[in-house]
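Heads up: the structure comes next, in structure tokens.
Numbering (our numbering), first residue to last: 106 to 417.
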């Protein structure tokens, strides 16, 4: 049987951490190891973690950081400490469906070329009430329904990320490809993992809703939900359809702003560090940007001049 680990990062998570941990412990296919890295909590989180460690000493491995690492580097540490062949990433405030580990494990077993898997999920509020919303995780299914080609690498590199760490699992054999995480402004660990794996064509996305993702005032990263209506569905399709070319000024502006921002951040990183993956991502961004300018030049020459000289 394949050994499984959970890399769980905590920071002042006393309000929801029990619900998260209990949902991990109550899986139909049991987890072998839960590695927790606490990033200097000042509430009751550490005491709660110690309770679980005392109750399940063969499962829990708790690490209390001497200094605050922040989210990206804390996950880097937690992942590196996991011994399982499959490593699940976990936030401190979500809830897993009880068949999540089983479905992910079966998928990895049946798809040996895949190194990283993410899934769809529900949205819940601070009271654990499920919200009737669309999310960015619905985008792959919407694209498929509309016969749109899905190129994960082009989407992640030039548009945006829907591979959320809370729904992510990776093979241990893959971590040498992603660690250490580069310190690039605005680049989170889940986006980095998705970029590297999709570039190598070893990323997969499951439409099964296998976690409940909590939206609340204290969370660090959000912005994933949309009202459940036709307009929002169209917005998601248009946003992540990488083959759809902009036609009006506003669309060009949004696309170029995204590409310029990515180019700036990646270029800044490469001024001081060298990383072959980052170089590939920058090349993809620059290729997309060049193609966009060529389209502007041939179809909207006035706009081309405006963006070239005044919008950088």
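Ideal Cβ positions, reconstructed from N, Cα and C, are used throughout, including at glycine.
Exercise for the section: Buried or exposed for residue 359, please, with buried defined as at least 16 other CB atoms from any protein chain shown within 10 angstroms of its CB. Expected result: One-based indexing of the chain shown puts residue 359 at position 254. It counts as exposed.
Handout entry: Length of the line joining the Cα atoms of residue 125 and residue 294
Key = Here residue 125 refers to the residue found at position 20 of the chain shown. Here residue 294 refers to the residue found at position 189 of the chain shown. Approximately 20 Å, taken between the alpha carbons.
Practice task
Just mark residue 245 as buried or exposed, buried being the case when its beta carbon has 16 or more other beta carbons within 10 Å.
Solution key: Locating residue 245 in the chain shown gives position 140, counting from the first residue. By the 10 Å Cβ count, residue 245 comes out buried.
Practice task
Assuming residue 176 and residue 223 form a contact by the criterion Cβ under 8 Å, report the distance between their Cβ atoms to the nearest whole angstrom.
Solution key: For this step, residue 176 is matched to residue 71 along the chain shown. For this step, residue 223 is matched to residue 118 along the chain shown. 17 Å between Cβ atoms; not a contact.
Practice task
Could you give the DSSP three-state label for residue 311: helix, strand or coil?
Solution key: If you number the chain shown from 1, residue 311 lands on position 206. If DSSP states are grouped into helix, strand and coil, residue 311 belongs with the strands.
Problem - Straight-line Cα distance separating residue 264 from residue 365 - result: Residue numbering aside, residue 365 sits at position 260 when the chain shown is read from its first letter. Residue numbering aside, residue 264 sits at position 159 when the chain shown is read from its first letter. Between the C-alpha atoms of residue 365 and residue 264 there is a straight-line separation of about 11 Å.
Practice task
Starting from residue 383, follow the alpha helix (DSSP H) in both directions and report where the run begins and ends.
Solution key: Indexing the chain shown from 1 puts residue 383 at position 278. Looking at the DSSP string, the run of the alpha helix (DSSP H) that includes residue 383 is 381-404.
Problem - Coil, strand or helix - residue 138 by DSSP - result: Here the question's residue 138 lines up with position 33 in the chain shown. Reduced to three states, the DSSP call for residue 138 is strand.
Practice task
Let me know the beta strand (DSSP E) ranges lying completely inside the segment 265-291, each 3 residues or longer, listed in chain order.
Solution key: Listed in chain order, the complete beta strand (DSSP E) runs (minimum 3 residues) inside the segment 265-291 are 274-276.
Handout entry: alpha helix (DSSP H) runs contained entirely in the segment 215-260, provided each spans 4 or more residues
Key = 244-250
Practice task
Could you tell me whether the Cβ atoms of residue 421 and residue 150 are closer together than 7 Å?
Solution key: Beyond the ends of the chain as shown, which are 106 and 417, falls residue 421; an answer cannot be given.
Exercise for the section: Would you give the residue range spanned by the beta strand (DSSP E) that residue 112 belongs to? Expected result: Counting from 1 along the chain shown, the entry for residue 112 is found at position 7. First-last of the beta strand (DSSP E) with residue 112: 109-115.
Handout entry: Endpoints, the alpha helix (DSSP H) within which residue 160 is located
Key = Within the chain shown, residue 160 is the residue found at index 55, counting from 1. Unbroken alpha helix (DSSP H) run through residue 160: 150-160.
Problem - Pairwise C-alpha distance: residue 106 and residue 340 - result: Here residue 340 is taken as the residue at index 235 of the chain shown, counted from 1. Here residue 106 is taken as the residue at index 1 of the chain shown, counted from 1. Rounded to the nearest angstrom, the two C-alpha atoms are 43 Å apart.
Exercise for the section: Determine the extent of the beta strand (DSSP E) in which residue 169 is found, giving its start and end residues. Expected result: Residue numbering aside, residue 169 sits at position 64 when the chain shown is read from its first letter. Run containing residue 169: 165-169, per the beta strand (DSSP E) assignment.
Problem - Distance, residue 136 Cα to residue 111 Cα - result: As a position in the chain shown, residue 111 is number 6, starting the count at 1. As a position in the chain shown, residue 136 is number 31, starting the count at 1. Rounded to the nearest angstrom, the two C-alpha atoms are 8 Å apart.
Practice task
Could you name the residues of the same chain whose beta carbon sits closer than 7 Å to that of residue 327, not counting the 5 residues immediately before and after it, in chain order?
Solution key: Working through the chain shown from its first residue, we reach residue 327 at position 222. Unreliable positioning characterises residue 327 in this predicted model, as indicated by a pLDDT of 47, which lies under 50. The coordinate reading is nonetheless provided below. So the list reads 320, once near-sequence residues are dropped.
Exercise for the section: Express the C-alpha separation of residue 142 and residue 281 in angstroms, rounding to a whole number. Expected result: Position 176 of the chain shown, counted from the start, is the residue given in the question as residue 281. Position 37 of the chain shown, counted from the start, is the residue given in the question as residue 142. Spanning the two alpha carbons is a distance of roughly 20 Å.
Practice task
For residue 314, count neighbouring C-beta atoms within 10 Å of its own C-beta (all shown protein chains included) and say buried if the count is 16 or more, exposed if not.
Solution key: Within the chain shown, numbered from 1, the residue matching residue 314 stands at position 209. That one is buried.
Exercise for the section: Flag this pair as yes or no: are the beta carbons of residue 303 and residue 257 separated by less than 7 Å? Expected result: Taking the chain shown and counting its residues from 1, the one referred to as residue 303 is at position 198. Taking the chain shown and counting its residues from 1, the one referred to as residue 257 is at position 152. It is a contact, given that the beta carbons lie within the stated cut-off.
Handout entry: Pairwise C-alpha distance: residue 372 and residue 267
Key = Translated into the one-based positions of the chain shown, residue 267 becomes position 162. Translated into the one-based positions of the chain shown, residue 372 becomes position 267. Roughly 23 Å separates the two Cα atoms.
Exercise for the section: Specify, as a first and last residue, the run of the alpha helix (DSSP H) that residue 374 falls within. Expected result: Looking up residue 374 in the chain shown gives position 269. Residue 374 -> alpha helix (DSSP H) spans 354-377.
Practice task
State the start and end residues of the unbroken beta strand (DSSP E) segment that holds residue 122.
Solution key: The count along the chain shown starts at 1 and reaches residue 122 at position 17. Counting along the chain, residue 122 falls outside any beta strand (DSSP E), though it belongs to the alpha helix (DSSP H) covering 122-130.
Problem - Interface flag, residue 169 vs chain B, CB-CB below 7 Å - result: Going by chain labels, chain B is absent from the structure shown, which holds only one protein chain.
Handout entry: Per-residue DSSP class, three states only, for residue 144
Key = Taking the chain shown and counting its residues from 1, the one referred to as residue 144 is at position 39. Reduced to three states, the DSSP call for residue 144 is coil.
Problem - N- and C-terminal bounds of the beta strand (DSSP E) containing residue 133 - result: Residue 133 sits at position 28 when you count from the first residue of the chain shown. No beta strand (DSSP E) holds residue 133; DSSP gives it neither H nor E.
Practice task
Give me the Cα-Cα distance between residue 349 and residue 343, rounded to the nearest whole angstrom.
Solution key: Along the chain shown, one-based indexing puts residue 349 at 244. Along the chain shown, one-based indexing puts residue 343 at 238. Rounded to whole angstroms, residue 349 to residue 343 spans 7 Å at the Cα level.
Handout entry: residue 378 to residue 290 span [Cα, whole Å]
Key = In the chain shown, counting from the first residue as 1, residue 378 sits at position 273. In the chain shown, counting from the first residue as 1, residue 290 sits at position 185. In a straight line, the C-alpha of residue 378 is about 13 Å away from that of residue 290.
Practice task
Report back the beta-carbon spacing between residue 225 and residue 312 to the nearest angstrom; my notes put them in contact at under 8 Å.
Solution key: Along the chain shown, read from residue 1 onward, the residue named residue 225 stands at position 120. Along the chain shown, read from residue 1 onward, the residue named residue 312 stands at position 207. Sure, about 5 Å apart at Cβ, within 8 Å.
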